[in-house]
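Working notes for the structure below.
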Amino acid sequence: MKRTVIHQELSPDGQIRLMVIQRSDGSLIYTAEKFWIDDVPEYNYHAEYWAAFTDNSSIFDSLETAIRELRVEYPWLVPVEG
């Protein structure tokens, strides 16, 4: 199933990245990712990465609806004019 990111925003602190994705059937889903830094000096290990922490169970009919609904959980999202 082809998916296209149609909207992406970072939280003000840069720690959460939220993406609204359009599926091939035209409906929209989202994923939220948290930025992680693993640093273990005694093992000479350092990694920085984004890891998803959502279940993608919500389906939306438009970007405006998605942003309006997601602002309940992520109030820093900027409203989209429709």
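Convert by adding 191 to the 1-based position in the sequence shown; the result is the number in the numbering used here. Note that beta-carbon positions come from the ideal geometry of N, C-alpha and C, so glycine has one too. Owing to the predicted nature of the structure, the values given are computational and were not obtained by experimental measurement.
Please confirm whether L219 and V211 have their CB atoms less than 7 Å apart. The Cβ atoms of L219 and V211 lie closer than 7 Å to each other.
S260 - containing alpha helix (DSSP H), residue span: According to the sequence shown, residue 260 is Glu rather than Ser. For E260, the enclosing alpha helix (DSSP H) has its first and last residue at 254-261.
E233 (DSSP reduced to helix, strand or coil): The three-state reading of DSSP puts E233 in helix, counting H, G and I together.
Per DSSP, cross-strand counterpart(s) of E224: E224 is bridged to R208, A243.
Figure out for me which residue from F244, E233, R194 has the closest Cα to the Cα of R208. Per the Cα distances, F244.
Under the assumption that E229 contacts A238 (Cβ atoms under 8 Å), give the Cβ distance between them as a whole number of angstroms. The sequence given here has Asp at residue 229, not Glu. D229 to A238, Cβ: 5 Å. Contact.
Tell me whether Y234 is buried or exposed, calling it buried when 16 or more other Cβ atoms sit within 10 Å of its Cβ. It counts as exposed.
For V271 versus I250, is the C-beta spacing smaller than 7 Å? Not in contact: V271 and I250 (Cβ atoms no closer than 7 Å).
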